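Using our numbering, read the first sequence as starting at 3 and increasing by one per residue. Backbone N, C-alpha and C define an ideal beta-carbon position, used for all residues, glycine too. Values in this document were obtained by computation on a predicted structure and should not be read as measured data.
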Amino acid sequence: MAEKKVSNAEIASTLFEIADLLELKGVAFKPRAYRSAAQTIEALGEDITDIAERGELEEIAGVGESIAGKIRTVIDQGNLPYLDRLREDMPEGVRELMELEGIGPKKALFLHRKLGISGIDDLEVAAKKEKVRELEGFATTSEQHILDAIEVWKERHERFLLGYILHDAEAIERKLREHDAVKKACLAGSIRRRRETVGDADILVATDEPETVSHFFCSLPEARRVVMEGPKRCTIVVARNLHVDLRVIEEEQFGAALQYFTGSKAHNITLRKRALDHDWKLSEYGLATRDGGDIVAREHEEEIYEALGLAFIPPELRENRGEIEAAEEGTLPALIEYGDLWGDLHAHTKWSDGAHSVREMAEAARDRGWEYLIISDHSGGLAIAHGLSEGDIRTQGKEIEKVNRELEDITVLQGIEANVDKDGTIDVKKSILRDLDFVVGSVHSGFKMTEKEMTERVVTAIHQDHLNMIGHPTGRLIQKREPYALDLDAVFEEAASVGVLLEINAFPTRLDLSDIHCRRAHDAGVMLGISTDAHDTDHLRFLDLGVAVARRGWLEAGDVINTRSLDELRAWLKQ
DNA sequence: GCCGTTTTCGGCCCGACTGTTTTCAGTCG
């Protein structure tokens, strides 16, 4: 009973490893099949163990009899003899070599065979001893590239948090757009889809002067290094070691190229197959007849989707999670828009661990055009964050009243981010909570409870008097801390029936609930609230990241409480 | 290994850039 559930990520990782090892062995086509299945499973909105329990593994796209059998083995036994055998044939570190930019299965195996290299450490030693340049097909340039790639690999194990690189990427996009020779410029790739983490930045430009624009791009002051420079493709490295790719195309192909380079890969492969059904082919140059003679559509993305019999699919949905079927049936959601929010539900001030005063936060919110800002500082139980005592809460209330008297065009509400104790109760007296405008309950300690205990804790919290919202419901920190064990479906059901909000915390390291969770929460009838958890006036800009999560989670404006005006919000809170 | 109103067998997405090559393989996205 207490055994750990195998996660979708673990299954995907197993399948990816099989794909790599088969590729190293020179096996044809199978690697693609394993990779395709892995990608689908990685993005599933449901636990694969549940699907396996229902005996429906083979209904997953790309999973057939053989892969389903291997998944069942991993779930039942916790290991996979088939993978163990593959590993025996291939030294551990050879696969690691493929993590280097420019090294694929052929070169990895070649290096292993010729120099006995079985790991990135080995390769670094060999390259420094100038052994690599002596190999057939390699020379000094290749050797240097390997050393460069090793440096990048050492510094960059992780993907970038969207919220931390979006601003820089948009700045480069803007510079390109303002260049005289550039007709159109747009961020593409996972940034345009607003994935929570991104591997690199892709920017697309339309121009009649490719060399001019490419050279301008590679000469940007932000460029610390130029990886590659061609008339159609360039790559530079900017701050934080972020790789920025530029694609240069002609204006009439902009729509096709934007569609292609926005991805996701899985979405595009499905679209390409759909094009083949019409006896067309889809590439970055357009939707065309199979011989390439006649162009069907290419200037605007919308035309491509239309020609394929689909409603336009917003970039945030392009993950091959059912959006193509929905576009065909006309059942895509009318997504919440970036300008739809009237205010923020959760922000901190100097009263607890924030950097700015109530007034400074209020002015910053007003300058963003918001109608309201809910200040939800930490309660006393969180000493590390200078939580507020009962007396502090009263004094802060007076300060908020003063700010509201002095400032126009913004209303500050007094909330609190109270701690959910281990028994599920809130660490602030009801007599205090009663007088506050908004109460967020968050788990800030005791993360290591069992799933059953944690679920009881959160469900109990949902039933506490005056509670309005559960803050960052899973507690995860992206790439740093796993979510705590929690039966989210039980939480969704309870939150929906009691009418408590679940937060979409828009802070870049949290994004909690995540896109996939939002979709499940919505299906369970939960109302969501988007908030920044700002600890600084600058953090208020993260609200759009929360909207991005909501859009990726298929949410409409009506699913999110702060698409409502202050009067409507107050009315809802009184219910 | 998966998949099928073109197929239960025979296909499997397409194009650019790089380096080391005399015409292309490997890698990437």
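Check	Outcome
Taking C-alpha atoms, which residue in Val430, Asn421, Met363 lies nearest to Gly448?	Asn421
Within the chosen definition, does the region 361-378 reach the region 538-547 through at least 3 CB pairs nearer than 8 angstroms?	yes
Are there 16 or more other CB atoms within 10 angstroms of the CB of Glu570, so buried, or fewer, so exposed?	exposed
Determine the closest residue to Phe18 out of Glu61, Glu58, Asp49, Leu88, with distance taken between C-alpha atoms.	Leu88
In chain order, which beta strand (DSSP E) runs of at least 3 residues are fully inside the region 139-215?	184-190, 203-209
Just to confirm, are Ile117 and Ala110 a CB contact at a threshold of 9 angstroms?	Here residue 117 is Leu; the residue named in the question, Ile, does not match the sequence. No. Outside cutoff.
Roughly how many angstroms lie between the CA atoms of Arg554 and Arg196, to the nearest whole one?	8 angstroms
Only counting the same chain, and skipping five residues up and downstream in sequence, which positions put a Cβ closer than 8 angstroms to that of Glu198?	Leu163, Leu164, Ile480, Leu513, Ser516, Asp517, Val551
Under the three-state reduction of DSSP, which class applies to Leu557: helix, strand or coil?	coil
Let me check one thing: in DSSP terms, what residues is Met230 bridge-paired to?	Thr237
By how many angstroms is the C-alpha of Asp204 removed from the C-alpha of Arg276?	25 angstroms
What does Trp282 pair with, by DSSP beta-bridge criteria?	Thr291
Tell me which residues share the same chain as Ala225 and place their Cβ nearer than 6 angstroms to its Cβ, disregarding the 5 neighbours each side in the sequence.	Ile238
In angstroms with no decimal places, state the Cα-to-Cα distance between Ile306 and Leu312.	9 angstroms
List the DSSP bridge partners of His269.	DSSP output for His269 lists no bridge partner at all.
Quick one: what does DSSP say Asp467 is sitting in, helix, strand or coil?	coil
By a C-beta neighbour count over all protein chains shown, 10 Å radius and 16 as the cutoff for buried, is Asp561 buried or exposed?	buried
Quick check: Thr143 and Leu85, are their CB atoms within less than 9 angstroms of each other?	no
When you compare the CB positions of Asp535 and Ala349, do they come within less than 9 angstroms of one another, or not?	yes
According to DSSP, simplified to helix, strand and coil, what is Ala552?	helix
Look at Ile50 and Ile73 and say whether their C-beta atoms are less than 9 angstroms apart.	yes
With a threshold of 16 other CB atoms inside 10 Å of the CB of Ala259, please say whether the residue is buried or exposed.	buried
For a test of the three-state rule: what should DSSP assign to Ser447, helix, strand or coil?	coil
Ends of the beta strand (DSSP E) at Asn507?	503-507
Starting from Ile326, follow the alpha helix (DSSP H) in both directions and report where the run begins and ends.	325-331
What does Thr413 pair with, by DSSP beta-bridge criteria?	Tyr374
Indicate the three-state DSSP secondary structure (helix, strand or coil) for Tyr314 in the structure shown.	The question names Tyr, but residue 314 in the sequence shown is Phe. The answer is coil: DSSP assigns Phe314 none of H, G, I, E or B.
Whose C-beta lies closer than 7 angstroms to the C-beta of Glu253 among residues of the same chain, with five residues either side of it excluded?	Lys185, Lys186, Ala208
Are the CB atoms of Thr565 and Leu343 nearer to each other than 9 angstroms?	yes
Can you tell me where the beta strand (DSSP E) holding Asp52 begins and where it ends?	Asp52 -> not in any beta strand (DSSP E); alpha helix (DSSP H) instead, spanning 50-55.
Ignore the nearest five residues each way along the sequence and tell me which others in Arg521's own chain have a CB closer than 7 angstroms to its CB.	Gly47, Gly555, Trp556
Pull the bridge partners of Val250 from the DSSP assignment, please.	Val207
Could you spell out the range, first to last residue, of the beta strand (DSSP E) harbouring Asp346?	345-349
Give me the DSSP bridge partner(s) of Glu419.	His380, Val442
Go through the region 510-549 residue by residue and report every complete run of the alpha helix (DSSP H) that reaches 4 residues or more, in order.	517-525
Near Pro485, what residues of its chain come up, given a Cβ to Cβ distance below 8 angstroms and the 5 sequence neighbours on each side ignored?	Thr476, Gly477, Arg478, Asp514
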